[in-house]
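I have placed the structure first, in the form of structure tokens, so that the comments after it can refer back to it.
Numbering (the working numbering), first residue to last: 44 to 330.
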């Protein structure tokens, strides 16, 4: 009986992507306080297992590659703009990215709490910090990408399409089952946490990112499942349509099942396929 239990436990451990044992370099985004407040400044950060909410001190957790190839990816975990799922949409990716020679960073960003400029400020600052410290980590400052899952995908695509100054522009974007639109196909919870319960038509238009794509939008790699019941796949379709119209290179991968929120879990039936495609795509865009 004891042997069977041991084998079963081992198999269960092998069936789930392990969290990296690597220790990150943690950098606070704002040394003198963030420019825009979200109302969580005096609250204590809350951890519920792998989820963190009410972030008041945003940080960039950098996991350097031992043999850097020059690329860096900054990942924004999802969580409906309410919390951050830092494990399956963050830490599980560390070893895989580092093995490719990619310096990987998890962005512990502030949720908007109805202040949509807050996460955008954190994203711009994270890109700026990574560029300033590029040589320290063996990174090419022109090969820094942004990645995001679900609402984190909206975060990433916001940075890709509303980056403002060139120094804040990511060089590529990786989106997993992203929220894109704030229209009737949106994820309601994400929209409410981003824009408030009664957003104006102007705010809905502004943060529907299919409307923000232009010739300066970086190349995209996008993964999702067609049976996603949480975020309508039309979010991605609308975004890709605008990428196509603006002649922005993209690699789109839609699988028949997998649902929502699979991240880098082994339970996703297409993990090997999409991660293999991502590896090839990242190689193809190296400078």
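Glycine is no exception: its CB is placed at the ideal position from the N, C-alpha and C atoms.
Exercise. For residue 50, collect the residues of the same chain with a Cβ closer than 7 Å to its Cβ; drop the 5 residues on either side in sequence, then sort them by chain order.
Key: Confidence at residue 50 is low in this model, with a pLDDT of 32, below 50, so its placement is unreliable and the value that follows should be read with caution. Around residue 50: no qualifying Cβ.
Quiz item: Which full runs of the beta strand (DSSP E) of 3+ residues lie inside the segment 149 to 219, going along the chain?
Solution: 187 to 192, 215 to 219
Practice problem: Check each candidate in 259, 100, 276 and name the one with the smallest Cα separation from residue 154. | Solution: 100
Practice problem: Could you check if residue 234 is buried or exposed, using at least 16 other CB atoms within 10 Å of its CB as the buried criterion? | Solution: buried
Practice problem: Report the partner residues of residue 146 according to the DSSP bridge assignment. | Solution: 115
Quiz item: By Cβ distance, which residues of its chain are closer than 6 Å to residue 317, with the 5 residues on each side in sequence left out?
Solution: 266, 296
Quiz item: Can you tell which of 129, 123, 175 has its C-alpha closest to the C-alpha of residue 156?
Solution: Checking every option, the nearest Cα to that of residue 156 belongs to 123.
Quiz item: Any idea what DSSP makes of residue 281, helix, strand or coil?
Solution: In the displayed model, residue 281 falls within a helix according to three-state DSSP.
Quiz item: Under the rule that 16 or more other beta-carbon atoms within 10 Å means buried, what is residue 260, buried or exposed?
Solution: Counting Cβ neighbours within 10 Å, residue 260 comes out buried, since at least 16 surround it.
Self-check item: Inter-residue spacing [alpha-carbon to alpha-carbon] between residue 118 and residue 268
Solution: Between residue 118 and residue 268, the C-alpha separation is close to 20 Å.
Practice problem: Would you kindly work out how many angstroms separate the C-alpha atoms of residue 303 and residue 271, rounded to a whole number? | Solution: 5 Å
Quiz item: For residue 44, which residues from the same chain have a beta carbon less than 8 Å from its beta carbon, with the 5 sequence-adjacent residues on both sides left out?
Solution: Any reading at residue 44 must be qualified, since the residue scores a pLDDT of 36, below 50, and its modelled position is unreliable; no value is offered.
Quiz item: How do the segment 73 to 84 and the segment 102 to 110 stand: do at least 3 beta-carbon pairs fall below 8 Å, yes or no?
Solution: no
Practice problem: On a CA-only basis, which of 80, 113, 110 is nearest residue 97? Give me that one, please. | Solution: 80
Self-check item: residue 257 classed as buried or exposed, judged by whether at least 16 other C-beta atoms fall within 10 angstroms
Solution: exposed
Quiz item: If we count Cβ pairs, one from each stretch, closer than 8 Å, do we get three or more for the segment 195 to 205 versus the segment 80 to 93?
Solution: no
Quiz item: Roughly how many whole angstroms lie between the Cα atoms of residue 191 and residue 223?
Solution: Those two C-alpha atoms are separated by around 11 Å.
Quiz item: Of all the options 170, 246, 289, which has the alpha carbon lying nearest to the alpha carbon of residue 206?
Solution: 170
Quiz item: Apart from the five residues on each side of it in sequence, which residues of its chain come closer than 8 Å, Cβ to Cβ, to residue 277?
Solution: 224, 228
Quiz prompt | Rounded separation between residue 161 and residue 309 - CA only | solution = Straight through space, the alpha carbons of residue 309 and residue 161 are spaced by roughly 33 Å.
Quiz item: Quick one: any contact between the segment 279 to 299 and the segment 238 to 258, if contact means 3 or more CB pairs under 8 Å?
Solution: With contact defined as three or more Cβ pairs closer than 8 Å, the segment 279 to 299 and the segment 238 to 258 are in contact.
Self-check item: N-terminal and C-terminal residue of the beta strand (DSSP E) that residue 249 is part of
Solution: No beta strand (DSSP E) contains residue 249, which is instead part of the alpha helix (DSSP H) from 244 to 249.
Quiz prompt | Close beta carbons around residue 55, own chain, < 8 Å, minus the five adjacent residues each side | solution = Because the pLDDT at residue 55 is just 36, under 50, the model does not fix this residue reliably, and the value given afterwards should be weighed accordingly. Within the same chain, residue 55 has no close Cβ partners at all.
Exercise. Output yes or no for whether 7 Å exceeds the beta carbon distance between residue 195 and residue 213.
Key: At a Cβ-Cβ threshold of 7 Å, residue 195 and residue 213 do not count as neighbours.
Quiz prompt | Segments of 3+ residues assigned as beta strand (DSSP E) that fall wholly inside the segment 82 to 128 | solution = At a cut-off of 3 residues, the continuous stretches assigned as beta strand (DSSP E) that sit fully inside the segment 82 to 128 are 89 to 91, 94 to 96, 102 to 106, 115 to 119, 126 to 128.
Quiz item: Is it the case that the Cβ atoms of residue 251 and residue 226 are separated by a distance below 7 Å?
Solution: yes
Self-check item: Rounded distance between the beta-carbons of residue 164 and residue 78, thought under 8 Å
Solution: 6 Å
Practice problem: Since I believe residue 120 is in contact with residue 237 (beta carbons under 8 Å), could you give me their beta-carbon distance rounded to a whole number of angstroms? | Solution: Residue 237 to residue 120, Cβ: 15 Å. No contact.
Quiz item: For residue 236, which three-state DSSP category applies?
Solution: helix
Quiz item: At what residues does the alpha helix (DSSP H) containing residue 318 begin and finish?
Solution: 314 to 327
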